[in-house]
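Chains as they are written, first to last, in the working numbering: chain A, 1 to 772; chain B, 773 to 1041. Quick notes on the structure that follows.
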Amino acid sequence: MLALGWQSSVFAQDTDQAEATALEQVSVPVLLSQPPVDYPATALAEGETASVLLRLVIDTEGRVVDATVDESAGDAFDESAITAALQFIFEPARTADKEAVAVEILYRYVFSVQEVVVPVEAVEEEGDGEQQVVEPEPEGIEVLVVKRRLPTNEVTERILDVQDIRYLPGTGGDVVKVVQNLPGVGRSPLGTGNLIIRGTAPEDSGYFFDGAEIPTVFHFSGLTTVVTSESLQEVAFLPGSFSVRYGRVLGGLVDLRLSPSMPQQNRSYLSVDVYQATAFSEIVLGKKDALQISGRRSYIDAVLNPILNSGTRTVQAPRYYDFQARWLHETNRGDMLDIYFLLSDDSFRFVGPEEEGSVLQTGFGTRFQKLRVQYRQEFENDWRGDLTLFGGPESKEFATDGAGLAYEKPLVPSLRYEVSRTLTDDHMGWNFGTDTMAGVDSYLFDVPSFGPKEEGSSYLFMPGLYAEGLMRFGRTDLSLGSRMDALAFEDGFIGPIFDPRVSMKTKVWKGGAIKAATGRHSQFPETRQLLAEGDGNPDLGAKWALQSSLGLEQEIGSISSIEVVGFYHQLYDLVSGREDVLRFFTGPPDFGPFDTDPYANDGVGRTYGVEALWKLQTGRSIALVSATFSRSERQDRPDSELELFKYDQPVVLTAIGSREMGRSWRMGGRVRFSSGYPYTPVVNSFYDLSSRQYIPVFGDKDSSRLPDFFALDVRFDKEWVYDRWTLTTYLDIQNLTNTVNPEVISWSYDYEVEEPVTSNPFLPAFGIKGEW
Amino acid sequence: MVAVAILASCMPGPKVETMVDDLRILAMVADAPEITPGEAIAMTVHVGEPTNQPVDLLVWSCFNLGEGCLEAKSPERYFVVEDVSLQASIEMASDASVLAFLSPDLPEIPVAIWALACEPGVCPSIDLALAGELEESFLENPTDSLKDLPFDGVSLAFRTVWLSDREKKERRTNPVITPNFKLPDQASSEENIELLFGVASNQESVQAFGYATAGGFGAPENPVLEGEVTPIWYPAAEEMEETAETVRFWVAVQDEEGGVAVWTDALAY
């Protein structure tokens, strides 16, 4: 299941570990009772038989809490099978010490018709009078996969399963975008993929790819991710107080996780929507090898360029593409070699008129290529080792008409080796690992209108070590760990820094648990902030946060759960200064006022609040209601005041859901409300006659706030199942009510009139997808 | 979406920059833009006011070394002109003590010239200046006072003049702008007007800027090439109906060294 939300966070699992050990340690659930099933009438009349492969999630009491179709036999058979399966009662799966555990199984339901002679009065009369008896026959439980949810130390880990949430509205089927609907995540302006987690800046949180950080996860437009959702097994959202396996991040993180196991069958799809075309194919090459290839190309440029182009320049609208290739190989020893290549390329340009040779006037580009080589080994006594090399070039570029160029080009590969043992019979589990990065980081900011030239390059060496113990005492799981990081660079050295972390969870009553965590999380300054040859300060240290949280989770029946978490993050040694220099933004740029003093570890801050998530998941429906109430404050310099942080968003409310409506129709909706972000108002302006530009006079910092945001999105899906393939179409309408939502403040040329940039108006998107 | 934001920020908003719809200092022409410390500068301040109402003007200079203005103790610290219509000229003396700062490593020093134009009674600082009670702190940092003033009826602007001991022939000069057109008798709300100017300058890069009390100017081809530029005024029917009976034009040409020249005229419609 790896369901979204609550239960997942209760039994937050490391999927790799779970799958590696589960079959050996968990008994297979036994079917105790099954209700009669409704044989589809038309199929019955025609004597049609079928086989539906279901994926069932069975809870610790043996109830089926989720049933989805893995291999369809058509709408009618699928619906009948799901309806029946949700009423099954199993003897639950159990561990060696007889503890009942929730598991996921594959279950093949076979519909067959047997002709027998029975008394006429006992059966329905059909056709020419021939007697029939319907006898749907489940052909036993075909257990192909058993997944046990193993406890880890993650207090708040919210797992998104690709299959569960692909139909949720407003996401375009993109699993990573669903993260933005979870509690703890601020709504990012203009639909960009900024990670604004628990009131921290986007640059203080990170996107990871199986534990290794990647530069970005969204293409320019924020419409879609750089990784095809189907290549992922799940997306884990960790808003804070996470394991020592993750480091160098002050805020929270999102970890994109590939499936660690060999695929069972070939599958492919081709999808086309108004923005892009995507192709995906997974091919099983015998028992020991599998290949996965996917790619995507946008054509927004083709649609928008004729609209945008006017006057003396030509706008090249955002263009992006990505490509992924993966080869999985299982060795004769049972180890796994996993090689994955990821490429992403975004471009957005203004160019001159064609008659002048289409000279570049302004252009932006983000691109990276990453290769991941992973080798996973199983050892005796439940130990395992994962060796991962991850790296490749990346760059962000900005250029103007030959007069200005800015770029950042880090090439800093990472090497991870982790030895781990999951919680076993002796109630102890361990994680030991090294997480080391080394390479070169280069940058240039040479755009005269944005200040003096700044250029630098430095080698970076970031050794990292971590150790973590997982212990179980009765109903309580306790995790103790620490992480050590250091940074060596051209002009200095930072560290070693020790980040101890502790977390616990105790089951206090049936279906309910209390959890708590506290720990230190550190992040190094950016290279340009450190190098003396530019404006940097080599004496800077790492900024760090003391993150603490306390939460309560409760299952409500077998299909619903609720979680409430309070958090308090105290931030120290934040880097202040030089806010006026040109930099790359993942979202809207700052307008000021700016702290132009030199860089220093002068900043402190705090962010605190309460998050709540209610989740409902049945065989046909999924619904989430999330709420976040928080406050985020910063003090940039010792002599300044504690003020609201620019990413403070006191209230974020989201309700999102999707339901199968029968006849292969599915309908979903999403309602969002959030407070607007603070901004500093302009109270007057004066005129620089030399540059002929107005200069704003700012009022009190962050003393104004953008209006509240509201949007209603809906989505409709229709599926047609054929013998060899499935066709799906969808209509995803964002901002159905056409609400005008100011997202980023902007001003008239003289700053007298506020002219905010608004979010998208009523925006329908249509897509079609063929799977086979 | 970021791209959309960038595009939006590039697009003109509801306010047209080239239309003078409120009190606005449009240019400060220094004759000359580079002088020897102790010499006087003839400063002409061009003020745009859509209803032709006279305004009050305060002008001063500040060579700020980080500890206030060097001119703080000058006998004529600032100049106040009442009832200014369109433009005012002031003879300002530069501070001779700046000469001591000049050296081969620092052959020229920029000095900021500030001008504050206000509708009568709007700016307390002008009232204080008229009473001779204006404090030096305002002259050091005039932008702070803007926090308490309205947008409308107030315009604060600054430019730079240069102090050096160079030979006169080596100093910066103002460009010369020559109208090579004949204005029509009357502006029409349906026709554009092309204003062809000859521009002479000893600088490589000169830019032109057009302003009008109604309608607006399209962006001229900048920088000025081959000594000619043709700003195009376009009418806007709505503004034409709302404004007074005349439309006033200003065209300023400005080089990258602080040289400025201004042409202005008005048309009935």
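Idealized CB from N, CA, C, for every residue including glycine. This structure is a prediction, so every number in the text was calculated from the model and none was measured.
- In this structure A/Phe218 does not touch A/Leu256 by the C-beta definition: roughly 12 Å separates them, more than the 8 Å allowed.
- For A/Ser27, same chain residues with a beta-carbon under 6 Å away, outside a window of 5 residues either side, are Ala93 and Arg94 in chain order.
- Taking the C-beta atoms as reference points, A/Arg372 is found no nearer than 7 Å to A/Glu378.
- The bridge partners DSSP lists for A/Pro678 are A/Arg705.
- Straight-line measurement puts the Cα of B/Ala1008 at about 6 Å from the Cα of B/Ser961.
- Within the same chain, Ile1004 and Tyr1006 come within 7 Å of B/Gly990 by CB-CB distance, once the 5 residues on both sides are set aside.
- In the structure shown, A/Arg166 falls within a coil segment according to DSSP collapsed to helix, strand and coil.
- In terms of beta-carbon proximity, B/Arg931 lines the interface with chain A, with at least one pair separated by less than 7 Å.
- Between B/Gly810 and B/Leu871 the beta-carbon gap is near 7 Å, inside 8 Å, which marks them as a contact.
- The alpha carbon of A/Thr506 has as its nearest neighbour, out of A/Ala41, A/Phe473 and A/Ser759, the alpha carbon of A/Phe473.
- According to the DSSP secondary-structure assignment, A/Gly551 is paired through a beta bridge with A/Lys515 and A/Val565.
- Neighbours of B/Phe1021 in chain A, taken as residues at a C-beta separation under 7 Å, are lacking, since the least C-beta distance is about 17 Å.
- Cβ-Cβ distances below 7 Å link B/Gly988 to Val788, Thr790, Met791, Tyr1006 and Ala1008 in the same chain, with the five nearest sequence neighbours on each side left out; the list follows chain order.
- The segment 671-680 of chain A makes no contact with the segment 896-913 of chain B, as fewer than three CB pairs between them are under 8 Å.
- Spatial neighbours of A/Phe445 in its own chain (CB-CB distance under 6 Å, excluding positions within 5 residues in sequence) are listed in chain order as Ala406, Glu454 and Leu582.
- Under DSSP, A/Arg267 takes part in a beta bridge, and its partners are A/Glu282.
- With the rule of 3 Cβ pairs closer than 8 Å, the segment 614-625 of chain A counts as touching the segment 550-564 of chain A.
- In this structure, the beta-carbon distance from A/Ala73 to A/Ala50 falls below 7 Å.
- For the alpha helix (DSSP H) assignment, the segment 614-660 of chain A encloses no uninterrupted run of at least 4 residues.
- Think of a sphere of 7 Å around the beta carbon of B/Ala799: the chain A residues whose beta carbon falls inside it are Leu689, in chain order.
- Between the alpha carbons of A/Ser685 and A/Gly536 lies a distance of about 31 Å.
- Contact with chain A is found for B/Leu928, since one of that chain's Cβ atoms lies less than 7 Å from the residue's Cβ.
- When C-beta distances to chain A are compared with 7 Å, the residues of the segment 905-919 of chain B below that value are Thr915, Leu918 and Lys919, in chain order.
- Just measuring C-alpha positions, the residue of A/Val604, A/Leu712 and A/Tyr749 sitting nearest A/Thr739 is A/Leu712.
- Closer than 7 Å at the C-beta level to chain B, one finds these residues of the segment 673-698 of chain A: Val683, Asn684, Phe686, Tyr687, Asp688, Leu689, Ser690, Arg692 and Val697.
- In the DSSP assignment, A/Val502 falls within the unbroken beta strand (DSSP E) covering Gly492 to Trp509.
- Under DSSP, B/Cys834 shares a beta bridge with B/Ala884.
- Between the alpha carbons of A/Pro696 and B/Ser917 lies a gap of roughly 13 Å.
- For B/Lys941, the three-state secondary structure derived from DSSP is helix.
- At a cut-off of 7 Å, the C-beta of A/Ser748 has a neighbouring C-beta in chain B.
- Looking at the backbone, the Cα of A/Pro263 and that of A/Ser205 are separated by about 32 Å.
- Assignment of A/Pro742 by DSSP, reduced to helix, strand and coil, places it in the strand class.
- Using a Cβ-Cβ cut-off of 8 Å, B/Leu921 is close to Asn684 of chain A, given in chain order.
- Counting only Cβ-Cβ distances below 8 Å, B/Phe981 has contacts in chain A at Arg692, in chain order.
- Inclusion of B/Gly970 and B/Asn946 in the CB contact set at 7 Å is not warranted, their separation being larger than that value.
- Inclusion of A/Leu182 and A/Phe237 in the CB contact set at 7 Å is warranted, their separation being smaller than that value.
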